[in-house]
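Working notes, beginning with the structure itself.
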Amino acid sequence: MRIAFFDVHGFEREHFERANRERGHELVYLEPRLTQATAALARGAPAVCCFVNDELTAATLAEIARGGTSLVALRSAGYNHVDVAAAEREGLTVARVPEYSPHAVAEHTVALVLALDRKIHRAHARVREGNFSLDGLVGFDLHGKTVGIVGTGKIGKVAATIFAGFGCRVLSYDVAPDEDFARARGVAYVSLPELYAESDVVTLHVPLTPATRHMIDDAAFARMKRGVMLVNTSRGALVDTRALIGALKRGHLGSAGLDVYEEEEGLFFHDLSDRVLQDDVLARLLTFPNVLVTAHQAFLTREALANIADVTLENVTAFEQGRPLDSRVVVRPPLLDRAPAALAGPDP
Ligand code: NAD
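One gets my numbering by counting positions in the sequence shown from 1 and adding 8 to each.
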């Protein structure tokens, strides 16, 4: 099947080429993101393959459906960027990769925590300048600290397990608690206010839904300990960035590790190093010595990329052959409209 890939990057092509050896699809790599303006590039392709910052709005979906597309194969787990109801109206099937490596994202979360705590980013810059002083680099032992995991799905569980291994006290919150997991790992479920009040590190692993958008706002920061570390490797819009900047300026928020940013579309995944950054909020964020931003790279391991390529192309093959797609793979509108607890299983 001809597949139009949007927003393609060098790091993923080799994995798709390898995964396609036995499958024989026609892979058409396109650099632009999928938007209404670029949708015409998909004309004649029965499948389009999209990533997290493509804009799958109603208008874009109508345009690709008019052009002959019947399958949207997401090479991501998250689908908050897809107007799923509009896709259904257009008769488009939307498939995703429900899980590819929770370890990749959880380990990146831990990397951000350790780097911020021990100020590795600052130490590296200093040493390269010949500055071997230690002033300002004092960190804390993770051992014995309290880590709050918000969302104990696939990624949150791996993160909780790693932090428990460091000797942390792990608290968690989820609309659908997994008590067996908690018992086995010595993790305690608590209310969200309790998690905020007790934690030295708060890390977010819930999907972006109407219920979780800006869940970290001024009120949430007010409940957290002074000096707390916040890590977000989930979706940018979980955090109200202006509230985050305010909490950093007041010194209430001790540090922040961000792999995602609510206005990341059009910025992350691109080399803009020879341009003037137009996003003043991100520019302000990047001035803080206690903020570490990575450009949505938590998933970026060889293992995760190989799994993403394999499952994405398998979804296309199954669709082409008329085989039913796994219920965790197909994205349907009712999933977004269900009560929060029902989101637990198959979400990103
Ligand atoms: P998952 O579906 O396995 O787990 C999500 C958990 O969140 C579930 O246990 C669910 O019950 C819980 N939840 C849902 N709504 C909630 C709410 N309102 N309050 C509390 N808990 C709620 O998902 P996952 O595979 O662990 O992924 C988590 C998120 O990580 C994804 O949604 C995605 O946005 C993000 N992600 C980021 C990257 C990256 O590269 N940075 C890569 C993959 C996934």
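Just so it is clear, CB atoms sit at the ideal spot from N, CA and C, and this is done for glycine as well.
Can you round the beta-carbon distance between residue 299 and residue 211 to whole angstroms, since I take them to be within the 8 Å contact cut? Contact doesn't hold; Cβ gap of about 15 Å is too wide.
Given residue 10 as reference, the closest of 324, 338, 118 once Cα atoms are compared: 324
Heavy atom of ligand 1 within 7 Å of residue 325 beta-carbon: Result no, Cβ not under 7 Å from ligand 1.
Residue(s) in a DSSP beta bridge with residue 156: 179, 210
Comparing C-alpha positions only, which one of 88, 95, 47 sits nearest to residue 72? 47
What residue range does the alpha helix (DSSP H) around residue 7 cover? An answer regarding residue 7 cannot be provided, because it is not within the stretch 9 to 356 covered by the chain.
I need the DSSP call for residue 139, collapsed to helix, strand or coil. coil
I need the straight-line Cα distance from residue 384 to residue 328, nearest angstrom please. Outside the displayed span of the chain (9 to 356) sits residue 384, for which this structure offers no information.
What whole-angstrom Cβ distance do residue 69 and residue 89 have, given they're in contact under 8 Å? Residue 69 to residue 89, Cβ: 11 Å. No contact.
Distance check for residue 274 and residue 40, CA to CA, integer angstroms please. Computed Cα separation, rounded: 10 Å.
Please report how far the alpha carbon of residue 20 lies from the alpha carbon of residue 292, in whole angstroms. 31 Å
Which word fits residue 295, buried or exposed, when buried means at least 16 other C-beta atoms lie within 10 angstroms of its C-beta? exposed
Between residue 157 and residue 202, what straight-line distance do the alpha-carbon atoms span, to the nearest angstrom? 12 Å
Among the residues of its own chain, which have a CB less than 7 Å from the CB of residue 337, if the five just before and after it don't count? 103, 104, 106, 323
If I measure Cβ to Cβ from residue 194 and keep anything under 8 Å in the same chain, skipping five residues before and after, which residues do I get? 172, 178
Does the stretch 130-146 come close enough to the stretch 158-167 to have 3 or more Cβ pairs within less than 8 Å? no
DSSP state of residue 101, grouped into three classes? strand
Please list, in chain order, all residues of the same chain as residue 312 whose beta carbon is under 6 Å from its beta carbon, the five residues on each side excluded. 108, 109, 112
So, with DSSP's three-state summary, where would you put residue 197? Here DSSP, grouped into helix, strand and coil, assigns residue 197 to strand.
What beta strand (DSSP E) runs, 3 residues minimum, are completely inside the stretch 59-84? Counting only unbroken stretches of 3 or more residues, the beta strand (DSSP E) elements lying wholly within the stretch 59-84 are 79-82, in sequence order.
Who pairs with residue 264 in a beta bridge, going by DSSP? Note: residue 264 sits in a beta bridge opposite 238, 299.
Leaving aside the five residues before and after residue 181 along the sequence, list all residues of the same chain whose C-beta is less than 6 Å from its C-beta, in chain order. Closer than 6 Å at Cβ, skipping near neighbours: 158, 200, 203.
Cβ-based burial, residue 207 [other Cβ within 10 Å; buried from 16]: buried
Mapping DSSP to helix, strand and coil, what is residue 35? strand
In chain order, what residues of the same chain have a beta carbon less than 7 Å from the beta carbon of residue 297, not counting five sequence neighbours either side? 130
Between residue 276 and ligand 1, is the CB less than 7 Å from at least one heavy atom? Answer for residue 276: no, Cβ out of range of ligand 1.
What does DSSP give as the partner residue(s) for residue 338 in the beta ladder? 103
On the premise that residue 93 lies in contact with residue 341, defined as a C-beta separation below 8 Å, what is that separation, rounded to the nearest angstrom? 4 Å
To test your reading of the DSSP string, which unbroken alpha helix (DSSP H) runs of 4 or more residues are found completely within the stretch 278-328? Within the stretch 278-328, the complete alpha helix (DSSP H) runs of at least 4 residues are 288-293, 310-328.
Counting Cβ pairs closer than 8 Å, one from the stretch 239-258 and one from the stretch 281-292, do we hit at least three? The answer is yes - the stretch 281-292 touches the stretch 239-258, with three or more Cβ pairs under 8 Å.
Helix, strand or coil at residue 118 according to DSSP, with G and I counted as helix: Three-state result, residue 118: helix.
C-alpha gap between residue 76 and residue 262, whole angstroms: 51 Å
Could you pull the DSSP bridge partners for residue 224 from this structure? 247
Close Cβ partners of residue 4 (< 8 Å) along its chain, the five nearest in sequence each way excluded: For residue 4 there is no data in the structure shown, the boundaries of the chain being 9 and 356.
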